[in-house]
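Right, one structure below, let's go through it.
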Amino acid sequence: MAQEYRQAFNQAATDPAAFWLTAARDVQWDKAPTQAIDDSKAPLYNWFPDGKLNLSANALDRHVAAGRGDQAALIYDSAMLNSKTEYSYSELLREVEIFAGVLRDRGVKTGDRVLIYLPMIPQAVISMLACARLGAVHSVVFGGFAPKELAARITDCEPVAIVTASGGIEPSRHIEYLPAVAEALALAEKSVRDVIVSHRDGFEHSPSEYQDASEVNWLDWDELAKVAQPAAPVSLDSTHPLYVLYTSGTTGSPKGVVRDTGGYTTALQFSMNAIYDVHPGDVMFTASDVGWVVGHSYIVYAPLIAGATSVLYEGKPIGTPDAGVFGRIIEDHKVTTMFTAPTALRAVRKADPSGALIAAHDLSSLRALFVAGERLDPDTYHFAVDLLGIPVVDNWWQTETGWPIASNPLGLEELTAKAGSPTTPVPGFNVEIRDALGAQVAAGDEGNIVIKLPLPPGALTTLWGNDQRFIDTYLTQIEGFYLTGDSGFLDEDGYLFVMGRTDDVINVSGHRLSTGAMEQVLASHPAVAECAVIGINDALKGQRASGYVVLKSGVDTDEETLKKEIVALVRQHIGPVADFREVSVVAGLPKTRSGKILRKTMRQIADGKEYTVPSTIEDPAVLDDLANYLRPQG
1 MAQEYRQAFN
11 QAATDPAAFW
21 LTAARDVQWD
31 KAPTQAIDDS
41 KAPLYNWFPD
51 GKLNLSANAL
61 DRHVAAGRGD
71 QAALIYDSAM
81 LNSKTEYSYS
91 ELLREVEIFA
101 GVLRDRGVKT
111 GDRVLIYLPM
121 IPQAVISMLA
131 CARLGAVHSV
141 VFGGFAPKEL
151 AARITDCEPV
161 AIVTASGGIE
171 PSRHIEYLPA
181 VAEALALAEK
191 SVRDVIVSHR
201 DGFEHSPSEY
211 QDASEVNWLD
221 WDELAKVAQP
231 AAPVSLDSTH
241 PLYVLYTSGT
251 TGSPKGVVRD
261 TGGYTTALQF
271 SMNAIYDVHP
281 GDVMFTASDV
291 GWVVGHSYIV
301 YAPLIAGATS
311 VLYEGKPIGT
321 PDAGVFGRII
331 EDHKVTTMFT
341 APTALRAVRK
351 ADPSGALIAA
361 HDLSSLRALF
371 VAGERLDPDT
381 YHFAVDLLGI
391 PVVDNWWQTE
401 TGWPIASNPL
411 GLEELTAKAG
421 SPTTPVPGFN
431 VEIRDALGAQ
441 VAAGDEGNIV
451 IKLPLPPGAL
461 TTLWGNDQRF
471 IDTYLTQIEG
481 FYLTGDSGFL
491 DEDGYLFVMG
501 RTDDVINVSG
511 HRLSTGAMEQ
521 VLASHPAVAE
531 CAVIGINDAL
541 KGQRASGYVV
551 LKSGVDTDEE
561 TLKKEIVALV
571 RQHIGPVADF
581 REVSVVAGLP
591 KTRSGKILRK
601 TMRQIADGKE
611 YTVPSTIEDP
621 AVLDDLANYL
631 RPQG
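This is the structure:
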């Protein structure tokens, strides 16, 4: 194992207090911490309990003070509007100061919650940083989320204000936000004082039409900003909550992940140094959404904390206008580091199997491509490596952890990559594989992926308003460990392989089989763009595996021949034990907006069970079409 990585990992494992106090020196503190961790309430832990700082000051003020105010901080690139807007650090700081002043003038104070319901526009970044400046706890909800889901989050975190916009723009339509906000307010069990609206042209509704019929103040962002005075950053305890982020696919009572301020700031700065190798003056393009944890960490906070330039992209990987748009953005903005989801790469590959549209652009500035959000199958990995000729880094993490659990640490040293693996655990994440009874398993054997407590800085500290739910959900199955809910294995070199959620391990005639391993085989067929394998209840075998494949654009093949070839591939690579016989060619797979395939929902349909369409689904019509293939037969 490479020496520099191993040394850092061992230091973080054997003396985490010393390791993270050293890492914290890269952060600007108002009062530097002398204590690394408070374990007095274990299994609940707090990092740097005696430290004080402000994240907004770390992301903006310190860079301006260091003389880099003229450097680009944020580039807004909208394929929807065919426009680009650049904000220097000084300009972005001014926007954040003013909007923090707006919130302060409206009575928002430290500890209050502010719900942010915005599309991918600069106001989303500005409002998040303005909340951080005041110590208000923000909760970002996808713009366009259904009113019922928005209402559930209002009820749970009780915001005093909502920040929204006239609407969001999709390739084929405009989505009006204000009617959804009004309906959510009517459904919510808690009241909101203010709704602050950023005006966008081309939308039907305006704040004024809701004012008379509501006790809520419907206000215009620009009008408030004209009279607001800039707000200085508030010095906050390291343990002060920065934001609440609700996990995707939440059903029933929302599950709000709570992130602290000091631990998160330290972890993100460390990750930029050790993992992403992004530094002042670099340009980072993260093709995600601020509604996801990836957007929080690597569109908004980490690039700015590191003093880099962040590209905020409003558009899709294909269709705005074509599958070469990522290449255009890299060329236009001299992107040095890019981050996207495997599903985006698969969409590009489906539309343009050779990647020629991206390759037509000047990609010489790009040093590395990072990928997370869904398992990066080897076939997609090789497609990206062959196309770009640079390190393609699968990194695995969760909403709960806030930053990568496992990744190739390019900032420490580049390790030899293995297709199908996000490489090794990151310093601070002590990963083990345990069986259902909690016993450690041998190298190469699949089991539950767990992380030894305490989790490193930057991970969730609790669930909003419910410590016990946090403990019961994540910390009780194996004492002293955090349960990730994913299954996988560590090989003899210490490389982690994540095979899927633990409920994606199926039992066929007594044999436990990984659907992730089967998907890897299906994806290797040259005609397949993307795929999913699920376990369906079977009276004889317990479960049987069923595969669903989406073909690459332009592929002309006989479906029956294709199915036979895929079945033969699974028999060859997994073995007859899989008893794999069912393959359906489908137009698309149902996904969340972050690119996760909705395998659980697919299983529920296939087993004839009641199901709820998750609020985070990208295109409900895809699920409706797929239901014809999934519904129980006979």
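Numbering (UniProt numbering), first residue to last: 1 to 634.
Where is the CB? At the ideal position from N, CA and C, for every residue including glycine.
What do you get for residue 636, buried or exposed, if any count of 16 or more other CB atoms within 10 angstroms of its CB means buried?
Outside the modelled stretch of the chain, which goes from 1 to 634, sits residue 636, for which no answer is possible.
Since Trp218 and Val197 are thought to touch, with beta carbons under 8 Å apart, how far apart are those beta carbons, to the nearest angstrom?
7 Å
Do the stretch 477 to 491 and the stretch 532 to 542 touch if we need at least three Cβ pairs shorter than 8 Å?
no
At 4 residues or longer, and completely inside the UniProt domain "Acetyl-coenzyme A synthetase N-terminal" (5 to 59): list those alpha helix (DSSP H) runs for me, N to C.
16 to 23
How many Å lie between Pro590 and Lys334 at the Cα?
34 Å
Does Pro620 pass the burial test, meaning 16 or more other C-beta atoms within 10 Å, or should it be called exposed?
exposed
Could you pull out every residue in the same chain whose Cβ sits closer than 8 Å to the Cβ of Asp625, ignoring the five residues on either side in sequence?
Val586, Ala587, Gly588
Keeping to the same chain, check which residues put their C-beta closer than 6 Å to that of Thr250; ignore five residues upstream and five downstream.
Only weak support exists for where Thr250 lies, its pLDDT of 37 falling under 50; the coordinates are left without a value.
Contact check, Tyr298 vs Phe339 under 8 Å by CB: the rounded distance?
Between Phe339 and Tyr298 the Cβ distance is about 6 Å, and since that is below 8 Å, they are a contact.
Pull up the distance between the alpha-carbon of Glu223 and that of Ala100, whole angstroms please.
14 Å
What's the gap between the Cα of Cys157 and the Cα of Leu129?
19 Å
Three-state class that DSSP yields for Ile617 in the structure shown
strand
Answer yes or no: do Gly547 and Leu522 have a C-beta to C-beta separation smaller than 8 Å?
Contact flag set, yes.
Using the Cα positions of Asp472 and Gln71, report the straight-line distance between them to the nearest angstrom.
46 Å
Please report how far the alpha carbon of Thr85 lies from the alpha carbon of Asp332, in whole angstroms.
Going from the Cα of Thr85 to the Cα of Asp332 covers about 12 Å.
Would you tell me roughly how many angstroms separate the C-alpha atoms of Val114 and Arg153, rounded to the nearest one?
In this structure, the CA atom of Val114 is about 11 Å from the CA atom of Arg153.
Tell me, please, whether the stretch 114 to 126 touches the stretch 162 to 181 by the rule of three or more beta-carbon pairs shorter than 8 Å.
yes
I want to know whether the stretch 289 to 306 touches the stretch 485 to 500 - three or more CB-CB distances under 8 Å.
no
Do three or more CB pairs link the stretch 413 to 427 to the stretch 385 to 402 at distances below 8 Å?
Because the criterion of three Cβ pairs below 8 Å is met, the stretch 413 to 427 and the stretch 385 to 402 touch.
Three-pair Cβ contact test at 8 Å for the stretch 48 to 63 versus the stretch 300 to 312:
yes
Whole-Å CB distance - Phe203 paired with His174, under 8 Å assumed
6 Å
Whole beta strand (DSSP E) runs in the stretch 88 to 124 with 3 or more residues, listed along the chain?
113 to 117
By Cβ distance, which residues of its chain are closer than 6 Å to Leu93, with the 5 residues on each side in sequence left out?
Closer than 6 Å at Cβ, skipping near neighbours: Leu60, Val64.
Among residues of its own chain, excluding the 5 on either side of Val216, which ones have a beta-carbon nearer than 8 Å to its beta-carbon?
If we look at Val216 and ignore the five residues flanking it on each side, its Cβ neighbours are Leu185, Ser191, Val192, Arg193, Asp194, Val195, Tyr210.
Helix or strand or just coil, what does DSSP make of Ser271?
helix
Cβ distance (whole Å) where Val371 is taken to contact Pro342 below 8 Å
6 Å
Could you spell out the range, first to last residue, of the beta strand (DSSP E) harbouring Thr484?
481 to 490
Ala452 - DSSP class collapsed to helix/strand/coil
It is Lys, not Ala, that sits at residue 452 in the sequence shown. Correct three-state label for Lys452: strand.
Using the Cβ count rule (16 or more neighbours within 10 Å means buried), how would you classify Gly500?
buried
Own chain partners of Pro171 with C-beta closer than 7 Å, once the 5 adjacent residues on each side are dropped
Lys316, Gly319, Thr320
Residue range of the unbroken beta strand (DSSP E) whose run includes Ala532:
528 to 538
Taking Pro425 and Ala406 to be in contact with their CB atoms under 8 Å, please state how far apart those CB atoms are, rounded to whole angstroms.
5 Å
Whole-angstrom C-beta distance between Ala459 and Glu400, which should lie under 8 Å:
7 Å
Alpha carbon to alpha carbon, how far is Pro378 from Thr266?
32 Å
Identify whether Met80 lies in helix, strand or coil by the three-state DSSP scheme.
coil
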